[in-house]
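>
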Amino acid sequence: MEKLGQQVFDGVVAEGTRYSNTIPVDAQGNDRPIVTYWENWYSPELKIMILSRYVDPRSGENSTRLINISRAEPDPALFQVPRDYTTIDETGDFTIKFTGKQ
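Per this note's numbering, the very first residue in the sequence shown carries number 6; after that it's consecutive.
(1) On a Cα-Cα basis, can you pick out the residue from Trp-43, Asp-31 and Tyr-90 that is closest to Asp-61?
(2) Asn-45 and Gly-10 - do their beta-carbons sit closer together than 8 Å?
(3) Contact between the region 70–86 and the region 49–57 is defined here as three or more beta-carbon pairs at a separation below 8 Å; is this criterion met?
(4) Give the list of continuous beta strand (DSSP E) stretches no shorter than 3 residues that lie fully inside the region 24–51.
(5) Nearest-angstrom Cα distance between Tyr-90 and Lys-102?
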């Protein structure tokens, strides 16, 4: 494991860590060592992974990155109950009606 320090992604500070693995010669029929690594950039402030990247010379690179980060308050309308919303009490007895052939 290797600490990569800090980096800023879209105004968010993240701390990086790299985990590497070396597959020795002849372990999988390989004629030279194969080095793979997993790199993670985590924001302690937001408590979320900003970037995760896996690199393997046999399969290439795979990465996931959080983009379009907004720290603005969300629109309150997103949390309003719809006007036509109704509550149904399903704690009482009920019967199931089957229609058609059984």
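Heads up, the beta-carbon is just placed ideally off N, CA and C, and yes, glycines get one too. From a predicted model like this one, the values you see are computed outputs, not experimental measurements.
To lay it out plainly:
(1) Trp-43
(2) no
(3) yes
(4) 39–48
(5) 25 Å
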